[in-house]
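Enquirer: A single structure is presented below for examination.
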Amino acid sequence: MPSFTREAARNPFILKISLLAALGGLLFGYDTGVISGALLYIKKDLNAGDLAQSWIVAGLLVGAVFGALAGGRLADLISRRWTLLVSGVVYVAAALAAAFSQSSGQLVAARMVLGLAVGAASAVVPLYIAEHTPPKIRGGTVSYNQLMVTVGILVAYLVDFALRDVGSNWRWMLGLGALPGVFLVLGMLFVPYSPRWLMQRGRRDEARDVLRRTRAGEDYEKELTEIESVLSEERRAGLGTLLRPSLRPMLVIGIGLAVIQQVVGVNTVVYFSPTILTYTGLHANDAIAQALSVGITNVVFTVIAVLLLDRVGRRALLIAGTIGLTLALATLAAFFAFHWQHSAPWVALVALVVFMASFAVGLGPGFWLMISEIFPLGVRGTAMAVCSVFNWAANFVVSYYFLQLIDAIGKAWTFSLYAVMGIVGIAFFVTKVPETKNRTLEEIERDLGAPSSPSSTRTSTRHRTA
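Per UniProt numbering, residue 1 is the first one in the sequence shown, and the count goes up by one each step.
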């Protein structure tokens, strides 16, 4: 099979579209990373206790639940492109409001508005990229979104580190978050509408022109006809509903991926990695410096995932990555259970790095890629929004209760619980999740809509139809 880089080089236009749209990932990435360091100073400046800190982190997640739901609907109504542009504008305003907050309450409110923009972008970016990209490189290009998330996290860690000794540093940390929103707004001015959204609106000539530019000499007329055929079938069925029996397998997969991605505790590691490292006895500034290694690992292994997803496949990386992060979580649990922070404090940092590397090649890009592929065109925006809502809701529960869980049952049992969730995830991926590499979105839709078992779905041929 041709490599991702070789195939992508044949079509620079699709790379431009994918990278500009993936700027939406910077919104979530920067804000996720920056709060982990800023929180160490906010709690002193605003006198924020554990409950206030939990809400400062979780406020964004509450907003993201509603943003994801609204984003999916807006993507179908006003287009994927305009939804992302509006999200960027909202993000800029909310980031500046957060920087000028004078109390914990004001900061929570600003972060809730930030969440609206982040949630909408998270639901729409993978959808927009997937609908533009040929099957042979779709895994890599959709994963640009996750790559931008990790780049945003790393940039935020670097900003936290650079500003650690600056007066009012947390305000600068949060205020600089407006820049990703500006980049997204500018980027959306230079990309086309999704060809599948154009077809839904009856704008066939425009859709053909977009496909012609993104297919680099391939048979785009055949794909155009296939999209038209699927839309026709969905119209005859009344466009369907997410609750109809034929969509249940897709919903189970999408919601399962959404919840599992969060209940393994990934965002507690991202939000609280400096805090976790202070549990080993490190000073706050030293913890921020060491947390940089977690951010760098995230970026490096996400790049590796981009190169592997279309070669190895989504399912194999999901399983392998979840096995790795489960072992890392078990190591963290043992670290705190046996008080290794006194004899081997480096073990915690190694475990965090292994956890992040494993997540970055599997669940990180895998969830967003899979939900952009498995749903029918007529409900794709809404379905991705529903999955995103479950993802953000699980993120909220895990992140909000992390500090409280540690107080209630201790660090060792908290990470043991996350490890158990990893085992559940492995079982789910083995039994329920199909392989989707090298297949058109319409082929995947027909296959998952067919009355078949997971095993038969995984072994189906590229041209199987229901």
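All C-beta atoms, glycine included, are put in the ideal place defined by N, C-alpha and C.
(1) Would you tell me roughly how many angstroms separate the C-alpha atoms of Gly313 and Ala305, rounded to the nearest one?
(2) Would you mind sorting Thr225 into buried or exposed? The rule is 16 or more other CB atoms within 10 Å of its CB.
(3) Using alpha carbons as the reference points, say which of Thr322, Ala360 and Trp197 lies closest to Val264.
(4) I need the straight-line Cα distance from Asn47 to Trp170, nearest angstrom please.
(5) Indicate the three-state DSSP secondary structure (helix, strand or coil) for Val185 in the structure shown.
(6) With distance defined between alpha-carbon atoms, name the residue in Ile371, Ala95, Ser388 and His283 nearest to Met173.
(7) According to DSSP, is Leu417 part of a helix, a strand, or is it coil?
(8) Taking a contact to mean a Cβ-Cβ separation below 8 Å, would you say Leu329 touches Phe301 in this structure?
(9) On the CB-based measure, 16 or more other CB atoms within 10 Å of its CB, does residue 484 come out buried or exposed?
(10) Determine the DSSP secondary structure at Pro12, reduced to helix, strand or coil.
(11) Which whole-angstrom value is the C-beta distance of Leu325 and Ser358, which I expect to be below 8 Å?
(12) For Asn47, name the three-state secondary structure that DSSP assigns.
(13) Give a yes or no on whether the C-beta atoms belonging to Ala123 and Gly72 are separated by under 8 Å.
(14) Kindly provide the ranges of any alpha helix (DSSP H) runs that are 4 or more residues long and lie completely inside the region 41-85, ordered along the chain.
(15) Check whether the Cβ atoms of Ala117 and Ala98 lie closer than 8 Å to each other.
(16) Name the residue from Ala334, Pro365 and Leu327 whose alpha carbon lies nearest to the alpha carbon of Val353.
(17) Using the beta-carbon count (16 or more within 10 Å), is Ile78 buried or exposed?
(18) Among Leu257, Ala120 and Ala93, which has the Cα closest to the Cα of Val182?
(19) Comparing C-alpha positions only, which one of Asn395, Val379, Ala412 and Lys411 sits nearest to Gly59?
(20) Rounded to whole angstroms, what is the Cα-Cα separation between Ile137 and Gln262?
(21) Between which residues of its own chain and Ser416 is the CB-CB distance below 7 Å, once the five residues before and five after are set aside?
(22) Can you check which of these residues, Gly187, Trp82 and Gly256, is closest to Ser388 by C-alpha distance?
(23) Secondary structure at Gly281, three-state DSSP: helix, strand or coil?
(24) Taking Gly175 as the reference, which of Val34, Leu403, Lys411 and Gly25 has the closest Cα?
(25) Taking 8 Å as the threshold (C-beta atoms), are Leu74 and Thr83 in contact?
(26) Using the Cα positions of Gly366 and Tyr144, report the straight-line distance between them to the nearest angstrom.
Expert: Looking at the coordinates:
(1) 10 Å
(2) Under this definition Thr225 is an exposed residue.
(3) It is Thr322.
(4) About 13 Å.
(5) helix
(6) Ala95
(7) helix
(8) no
(9) Past the boundaries of the shown model lies residue 484; the chain is included only from 1 to 466, so the question cannot be answered.
(10) helix
(11) 4 Å
(12) The three-state secondary structure of Asn47, taken from DSSP, is coil.
(13) yes
(14) 50-77
(15) no
(16) Leu327
(17) exposed
(18) In terms of CA proximity to Val182, Ala93 leads the group Leu257, Ala120 and Ala93.
(19) Nearest option by C-alpha distance: Asn395.
(20) 26 Å
(21) Ala333
(22) Gly256
(23) Reduced to three states, the DSSP call for Gly281 is coil.
(24) Val34
(25) yes
(26) Near 12 Å, if we compare the C-alpha coordinates of Tyr144 and Gly366.
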